[in-house]
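Written out below as structure tokens is the structure these notes cover.
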Amino acid sequence: MTARLGRWSLARQVLVLQILVVGITVAGATLLGFLRTRELLGDEAARTSRAVAISVADAPTVLDALDDPDPSAALQPYAERVRAEAGLDFITIMSREGRRYTHPNPRQIGGRFLGTTAPALAGRTFTETYTGTLGPSVRAVTPVRDATGRVRALVSAGITVAKITAEVREQIGSAVLTGLLGLAAGIAGAYLVGARLRRQTHGLGPAELSRMYEYHNAILHAVREGLLLVDRDGRLTLANDGARELLGLPGDAEGRHVGDLGLSPSLAAMLGSGESRSDEIHLTGERVLVASAAVVRSGARSLGTVVTLRDHTELQALTGQLDAERGFAESLRSAAHEAANRLHTVVALVELGRADQAVEFATAELRAAQRLTDRVVGAIREPVLAALLLGKSAAAAERGVDLVISPDSELDDVALDARDLVTIVGNLIDNAIDAAVQGTVQSTVQGAPPARVRVHLRAEDGTFLIRVADSGPGLDPAVVRDVFRRGWSTKGDGRGLGLAMAGQAARRLGGGIEAGAGGQGAGGEGAGGQGAVFTVRLPLPPPADGPGPAPAGAPGGGSAREEVRP
Numbered sequence: 012m013t014a015r016l017g018r019w020s021l022a023r024q025v026l027v028l029q030i031l032v033v034g035i036t037v038a039g040a041t042l043l044g045f046l047r048t049r050e051l052l053g054d055e056a057a058r059t060s061r062a063v064a065i066s067v068a069d070a071p072t073v074l075d076a077l078d079d080p081d082p083s084a085a086l087q088p089y090a091e092r093v094r095a096e097a098g099l100d101f102i103t104i105m106s107r108e109g110r111r112y113t114h115p116n117p118r119q120i121g122g123r124f125l126g127t128t129a130p131a132l133a134g135r136t137f138t139e140t141y142t143g144t145l146g147p148s149v150r151a152v153t154p155v156r157d158a159t160g161r162v163r164a165l166v167s168a169g170i171t172v173a174k175i176t177a178e179v180r181e182q183i184g185s186a187v188l189t190g191l192l193g194l195a196a197g198i199a200g201a202y203l204v205g206a207r208l209r210r211q212t213h214g215l216g217p218a219e220l221s222r223m224y225e226y227h228n229a230i231l232h233a234v235r236e237g238l239l240l241v242d243r244d245g246r247l248t249l250a251n252d253g254a255r256e257l258l259g260l261p262g263d264a265e266g267r268h269v270g271d272l273g274l275s276p277s278l279a280a281m282l283g284s285g286e287s288r289s290d291e292i293h294l295t296g297e298r299v300l301v302a303s304a305a306v307v308r309s310g311a312r313s314l315g316t317v318v319t320l321r322d323h324t325e326l327q328a329l330t331g332q333l334d335a336e337r338g339f340a341e342s343l344r345s346a347a348h349e350a351a352n353r354l355h356t357v358v359a360l361v362e363l364g365r366a367d368q369a370v371e372f373a374t375a376e377l378r379a380a381q382r383l384t385d386r387v388v389g390a391i392r393e394p395v396l397a398a399l400l401l402g403k404s405a406a407a408a409e410r411g412v413d414l415v416i417s418p419d420s421e422l423d424d425v426a427l428d429a430r431d432l433v434t435i436v437g438n439l440i441d442n443a444i445d446a447a448v449q450g451t452v453q454s455t456v457q458g459a460p461p462a463r464v465r466v467h468l469r470a471e472d473g474t475f476l477i478r479v480a481d482s483g484p485g486l487d488p489a490v491v492r493d494v495f496r497r498g499w500s501t502k503g504d505g506r507g508l509g510l511a512m513a514g515q516a517a518r519r520l521g522g523g524i525e526a527g528a529g530g531q532g533a534g535g536e537g538a539g540g541q542g543a544v545f546t547v548r549l550p551l552p553p554p555a556d557g558p559g560p561a562p563a564g565a566p567g568g569g570s571a572r573e574e575v576r577p
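See the structure below:
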């Protein structure tokens with residue numbers, strides 16, 4: 012039987028349990044009502060009998076009749092009239108010795124009263140349940156006193172238990188009918204609750220629900236990707252371990268609105284939008300996340316949103332490195348193209364018989380290329396950044412932009428993450444080149460100076476300073492605060508990610524990044540025109556041994572170095 016019940020769905024088990032509870036409750040209430048009604052009717056019968064008995068005992072007719080030779084002649088009609096009017100089963104008037112003067116059955120007149128009389132003879136009115144000639148009855152016995160207070164006779168009035176039981180049966184019928192109606196209503200309510208529960212549990216039994224919960228819980232903890240459930244009101248209802256780790260959620264995150272979880276504005280807006288999204292990139296304090304959202308519906312009703320998060324921080328870093336390598340390759344391609352042009356020029360000069368001019372041209376080109384490399388490598392002894400600058404210089408030259416390293420740039424090998432440095436410097440230079448090109452496009456109308464990007468790199472006083480200025484159209488002061496937000500771009504296409512990643516990398520290294528107009532906060536290092544200046548300050552770890560970086564003006568320092576144009 013137990014195994015059979017275990018195969019029932021949860022809704023059916025709840026339905027049966029509710030029917031049993033309602034049935035037992037109604038049956039118990041009916042039984043209690045029956046007992047209580049019987050008790051109340053008994054008390055009412057005792058009160059009525061007592062009142063009638065006292066009223067009869069106080070009637071002058073009774074005292075007058077007691078002085079007659081045959082008291083029954085006057086008392087019997089009087090007692091029967093009062094009994095009929097009061098609805099009692101008997102009124103017995105008797106002598107002190109208990110000899111009856113009245114009785115509903117005239118043949119019982121003159122017989123002995125069956126019951127207790129001692130308390131009444133002592134002058135006290137009392138009630139009792141006693142079995143007399145009419146069967147068990149609830150009766151009251153009271154004394155009849157004369158003017159001197161002497162007990163002359165006794166009066167007993169009562170209602171039979173059979174009559175009380177009959178009245179109880181009449182009332183219990185209504186109670187049973189009410190109970191049956193309540194039982195029917197309870198069963199109907201239980202059925203409706205069971206039907207709703209069956210829809211919500213899809214007819215699954217407790218064992219199946221328990222197994223599904225265990226699987227659900229195990230999957231949530233096992234999946235490395237982040238999983239969030241957000242209801243229609245934008246409140247977080249569930250977050251697995253992966254999501255808590257990726258977003259740094261507090262322990263009480265579930266139940267709170269997504270706007271109160273300290274998430275980035277773009278990610279919070281996505282979670283609370285209630286819309287389906289696919290593979291959106293969002294930046295947190297230290298991570299690059301790819302988020303997708305799907306709206307869950309039941310028919311036409313929206314139940315909320317399921318959001319999945321994937322950590323693309325490492326992939327984005329590798330992508331940045333790949334972009335850098337691609338830039339290096341493009342630089343080599345550009346250099347090879349220029350070298351081919353120059354080689355053709357040398358060959359043509361030799362074929363024309365001008366060998367001296369060919370040697371002079373080749374020597375000058377070789378000297379310029381070597382001077383460029385020597386100056387970049389001499390100023391920037393951090394190999395990764397030196398290689399990045401050489402690559403970006405070729406890319407800038409190909410787009411008609413003059414990339415300049417400031418004369419006072421001085422940088423040794425720094426103990427900072429190379430990938431983050433490439434992310435910061437590379438994205439800032441790319442953004443500056445785009446802005447400079449944009450300024451050149453506008454120069455045909457406004458007469459702006461030639462496109463130029465100036466880079467300043469220096470490590471001193473425990474701080475690595477990066478400053479990149481451009482000759483572009485500059486920044487509107489109203490958008491300065493938004494330039495490091497994902498989606499902002501000088502192109503205005505809403506796909507900007509480079510500056511946001513540069514800001515994230517700077518924060519990851521414990522530093523900060525700020526933007527300003529070419530004439531503001533650049534220390535007079537604007538690249539021409541209004542332009543924009545981006546400044547990054549990164550704390551350097553203390554050196555393990557040996558002297559720190561050479562101060563400005565020291566031999567080999569940057570103050571005596573001429574401006575380098577790669």
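In my numbering, each residue's number is its place in the sequence shown (first place is 1) plus 11. The beta-carbon is built from N, C-alpha and C at its ideal position, and this holds for glycine as well.
| Query | Result |
| --- | --- |
| Test item: CB-CB of T103 and R110 under 8 Å | no |
| When L43, D69 and N116 are compared against P88, the one with the closest alpha-carbon | N116 |
| Cβ-based burial, N352 [other Cβ within 10 Å; buried from 16] | exposed |
| According to DSSP, residues forming a beta bridge with Y141 | S148 |
| Euclidean distance between Cα positions of Q531 and L360 | Residue placement at Q531 is flagged as unreliable, the pLDDT there being 39, under the threshold of 50; a coordinate-derived value is accordingly withheld. |
| Limits of the alpha helix (DSSP H) - the one that A406 falls within | P394 to E409 |
| Nearest residue (CA-CA) to A446, options E55, P461 and I30 | P461 |
| Contact set for Y141: own chain, Cβ-Cβ below 8 Å, skip 5 residues either direction | L125, G126, T127, P147, S148 and R150 |
| Terminal residues of the beta strand (DSSP E) in which A480 lies | T474 to D481 |
| Span of the alpha helix (DSSP H), counted from its first residue to its last, around T72 | P71 to L77 |
| At least 3 beta-carbon pairs within less than 8 Å: the stretch 198 to 208 vs the stretch 292 to 304 | no |
| Secondary structure of P562, DSSP reduced to three states | Any reading at P562 must be qualified, since the residue scores a pLDDT of 42, below 50, and its modelled position is unreliable; no value is offered. |
| For S287, the three-state DSSP class (helix, strand or coil) | coil |
| DSSP three-state assignment for E362, whether helix, strand or coil | helix |
| Neighbourhood of G193 by C-beta distance below 6 Å, restricted to the same chain and skipping five residues each side | V37 |
| In DSSP terms, what A470 is bridged to | F475 |
| Beta-carbon proximity of V306 to S277, cut-off 8 Å | no |
| Straight-line Cα distance separating L86 from G585 | No answer is possible for residue 585: it lies beyond the span of the chain, which begins at 12 and ends at 577. |
| L247 (DSSP reduced to helix, strand or coil) | strand |
| 8 Å Cβ cutoff met for V67 and V93 | yes |
| Whole-Å CB distance - S313 paired with G285, under 8 Å assumed | 7 Å |
| Rounded distance between the beta-carbons of G485 and A528, thought under 8 Å | 5 Å |
| Sheet register partners of G523 (DSSP bridge) | R548 |
| N116, DSSP secondary structure in three states | coil |
| Cβ-Cβ distance between I35 and A201 below 8 Å | no |
| Residue from E178, D367, R519 and L191 with nearest C-alpha to A56 | E178 |
| R308 (DSSP reduced to helix, strand or coil) | strand |
| Chain-order list of residues whose beta-carbon lies under 8 Å from that of R156 (same chain, five-residue window excluded) | A68, G134, V162 and R163 |
| Where A443 falls, given that 16 or more other Cβ within 10 Å makes a residue buried | buried |
| Bridge partner(s) assigned by DSSP for H355 | Beta-bridge pairing links H355 to no other residue. |
| Check whether D424 and L520 have beta carbons under 8 Å apart | no |
| Residues of its chain near R321, where Cβ-Cβ distance is below 6 Å and the 5 sequence neighbours each way are ignored | E236 and V301 |
| Three-state secondary structure assigned by DSSP to V25 | helix |
| Extent of the continuous beta strand (DSSP E) run through A97 | Here A97 belongs to no beta strand (DSSP E); instead the alpha helix (DSSP H) covers P82 to A97. |
| Separation of V299 from A375, as counted between CA atoms | 47 Å |
| Residue from A398, Q449 and M223 whose Cα sits closest to the Cα of V412 | Q449 |
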